[in-house]
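First up is the structure itself, then whatever we jot down about it.
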């Protein structure tokens, strides 16, 4: 065929028309402009939410003071004797002493640059130079490290702001001074009630996490203040919005509703733009075989296999980026990347080009969006998690219903290349729906800030000085390692679930790849063949909603429901060779779509049920990574079987057998093991709850002794 486009059937074919060529060029130019604007918006969002370096004016005041919430969180990562000892998290009272709190927070982040002393205005690397047991620990001298120095962000000592807050208990954070109105950078943290310091020192915060670390510091102190081991602030920074509900802030339990339903619906649209599109690319299968002369069925199947495989394999990377930079910007960036991949596919001249554009770029973009959307929905729901996941994954069925006939229509009107350009425009909507993701800050986040996990938050925001930005690569590397928490594989239930997932993922997508080509091979016209995928999609939506509405049965847990649905799904694939007429194909598509619709949300919910909420990103990363490897292997093998046998029946028999085996594996796990494993997770989650110090309430002064800077001694 002279024309590479297989659907060029007449001289009036749009792809041969000069008018269409101009329109196509305008379309490409418009998409490029839109993509550039999208990238610019995302970059601007990141910059605006970051921590820009601020200059200090000559009069000693900040040129640009950031807007702070009434209560902000800062942290110290402490080493004692060179050994990491944990994290101390402070709540800073901007609502009472904003100037004092701003001084401390800015010194924690180092965002003010160099001070008048010629050293960075930064607590990181400084030491607690004075620790007196049963009294307090003093630090903040980052210039001389001995209590003789220090410097405020204002360039000079600043006045006592007020004495509204008192030294009412252990963990109180207060300013050290050399007398009235001589506050600099030095501070102290109390070990006990020190009411005699009220009216002498400005209290501006308290410890909300890490009292155990504070008591470790107390243990190396002495009555003279000298420490038996060096106590160093190895790192310090700002924890944005991670504050406790009982401190009149926004840390909550998963709400199981509210804005969560908006997030779930947005997740449904993201799923439609990722899995919905990938499941519909079977419409292009025969066209690509004819367009790229000499391409075998296995080579063409590898395009969709790489797309789905990359979506799963890059899940650990997507999770790490989501935890580092925030769920919303990474979801939006994924939409932009997927759109770019489809648009670049318009220029492909060899099947291998599609491996890069569709397989890698679209797959990676889909992973960035889908992985973080799954995590976000999981954070919003607990009791209604299955229903929420059903709503979210319903988008895959919605896309599978709408896109096959839509793509066939676009191919007929604009050709294969034009259809790929418009597919890029559809994928770009992922970025718009990603903007609806509102970060939620959970109690479990605060409980785990003192763990050995990397310094990552749900919205990924951590204030650092501009000079430290080059070190973020190391932090991202740590986050990737934390996402791939292989210790989860030691849990019997989770390990068996992952093995089952691998078997089922290897060939479960055979339907979306080979169903339409098989129907055409048996003589079904293009639109009716494409409509088979639409039937699966619309029925799959019903299956997702039905499984979401079913109550949990004590004797038939989610893991068993998942195994049963998987086994039945594999059995349905093995009877495909019996469906020879179009009517039987429709009946099979209805049954398969219903089972598939029930199966997909069960996979996500089962993984979430087997681990604690804070380990959900790790569990999803491992699950999708294993799925990615299996997906890369299964479809090309099935395609090679089609090339050898000349029939699609063998591909469905092989695929069904693998899915059945994967469905039977979870039944090897005894119910008591699952119950015990789940209980262990709950017990472990409860064990990290830390006792908080009492609220800082004003109390009358008792005596007149006060702490001084060493310069006043």
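Residue numbers (UniProt numbering): 1 to 713. Using N, Cα and C, we set each Cβ at its ideal position, and we do this for glycine too. The model shown is predicted, which means the values in this text are computed figures rather than measured ones.
>> Here's the rule I'm using: 16 or more other beta-carbon atoms within 10 Å means buried, otherwise exposed. How should residue 541 be labelled?
In response: buried
> If you draw a straight line from the alpha carbon of residue 147 to that of residue 321, how long is it in whole angstroms?
Replying inline: 40 angstroms
> Below 7 angstroms between beta carbons: does that hold for residue 276 and residue 75?
Replying inline: no
>> My output table needs one value for residue 501: the three-state DSSP class, helix, strand or coil.
In response: helix
> From residue 461 to residue 630, what does the alpha carbon distance come to, in whole angstroms?
Replying inline: Reliability of the predicted coordinates at residue 461 is poor, the pLDDT of 36 falling under 50, and the value obtained from them is presented with this limitation in mind. Approximately 34 angstroms between the Cα atoms of the pair.
> Exposed or buried, what is residue 674 when buried is set at 16 or more other beta-carbons lying within 10 Å of its beta-carbon?
Replying inline: Low per-residue confidence applies at residue 674: pLDDT is 44, beneath 50, and the placement is therefore not dependable enough to give any value.
>> Going by DSSP, what residue range makes up the beta strand (DSSP E) through residue 142?
In response: Annotation for residue 142: no beta strand (DSSP E) segment contains it, and DSSP assigns it neither H nor E.
> Identify the residues that DSSP records as bridge partners of residue 128: which are they?
Replying inline: 139
> What first and last residue would you give for the beta strand (DSSP E) that runs through residue 84?
Replying inline: 83-93
>> Can you look up residue 226 in the DSSP assignment and give me helix, strand or coil?
In response: coil
> With C-beta atoms as the reference, is residue 361 less than 7 angstroms away from residue 387?
Replying inline: no
>> I want to know whether the stretch 78-96 touches the stretch 200-217 - three or more CB-CB distances under 8 angstroms.
In response: yes
>> Quick check: is any heavy atom of the ligand GDP less than 6 angstroms from the C-beta of residue 426?
In response: The ligand GDP is not part of the structure shown, which contains no ligands of any sort.
> Among 261, 380, 291, 431, which one has its Cα closest to the Cα of residue 328?
Replying inline: 431
> Tell me the DSSP bridge mates of residue 236?
Replying inline: 76
> Which whole-angstrom value is the C-beta distance of residue 189 and residue 171, which I expect to be below 8 angstroms?
Replying inline: 7 angstroms
>> Just to confirm the assignment, what range does the beta strand (DSSP E) spanning residue 262 have?
In response: Run containing residue 262: none in the beta strand (DSSP E); it sits in the alpha helix (DSSP H), 259-271.
>> I'd like to confirm the pairing. Which residues does DSSP put opposite residue 189 in its beta bridges?
In response: Beta bridge pairing from DSSP links residue 189 with 137, 173.
> Cβ of residue 231 within 7 angstroms of Cβ of residue 127?
Replying inline: Residue 127 sits close to residue 231, with the two beta carbons spaced by under 7 angstroms.
> Helix, strand or coil for residue 607 per DSSP?
Replying inline: Residue 607: helix per DSSP, three-state reduction.
> In this structure, does DSSP put residue 203 in helix, strand or coil?
Replying inline: strand
> Using the beta-carbon count (16 or more within 10 Å), is residue 59 buried or exposed?
Replying inline: Caution is warranted here: a pLDDT of 36 is assigned to residue 59, below 50, making its placement in the model unreliable, and the coordinate value is therefore given only provisionally. Answer is exposed; the Cβ neighbour count stays below 16.
>> With a threshold of 7 angstroms on Cβ separation, who are the neighbours of residue 152 within its own chain once the five nearest residues in sequence on each side are excluded?
In response: Excluding residues within five positions, the ones whose Cβ falls inside 7 angstroms are 103, 158, 183, 184, 185.
> Quick one: is residue 303 buried, meaning 16 or more other Cβ sit within 10 Å of its Cβ, or exposed?
Replying inline: Buried is the call here.
> Among 396, 191, 586, 493, which has the Cα closest to the Cα of residue 599?
Replying inline: 396
>> 7 angstroms is my cut-off, CB to CB: does residue 146 come that close to chain D?
In response: Within the model displayed, chain D is absent; a lone protein chain is all it includes.
>> Report the CB separation of residue 369 from residue 331 in whole angstroms; it is logged as a contact under 8 angstroms.
In response: 5 angstroms
> When you compare only the Cα positions, how much space is there between residue 530 and residue 517?
Replying inline: Straight through space, the alpha carbons of residue 517 and residue 530 are spaced by roughly 9 angstroms.
> With 16 as the cutoff for other CB atoms within 10 Å, does residue 226 come out buried or exposed?
Replying inline: exposed
> Sorted by chain position, which residues of the same chain lie with C-beta nearer than 6 angstroms to residue 234's C-beta, five sequence neighbours on each side aside?
Replying inline: Counting only Cβ-Cβ distances below 6 angstroms, and skipping sequence neighbours, we find 77, 79.
>> Please state the DSSP three-state secondary structure of residue 362.
In response: Correct three-state label for residue 362: helix.
> Is DSSP giving residue 557 helix, strand or coil here?
Replying inline: coil
> Under three-state DSSP, which class holds residue 166?
Replying inline: coil
>> Cutting at 7 angstroms between CB atoms, please list the residues of its own chain near residue 107, excluding the five before and the five after it.
In response: 121, 122, 123, 153, 185
> Nearest to residue 514 by alpha carbon, out of 648, 427, 643, 590?
Replying inline: 648
>> Can you tell me whether residue 544 is helix, strand or coil according to DSSP?
In response: In the displayed model, residue 544 falls within a helix according to three-state DSSP.
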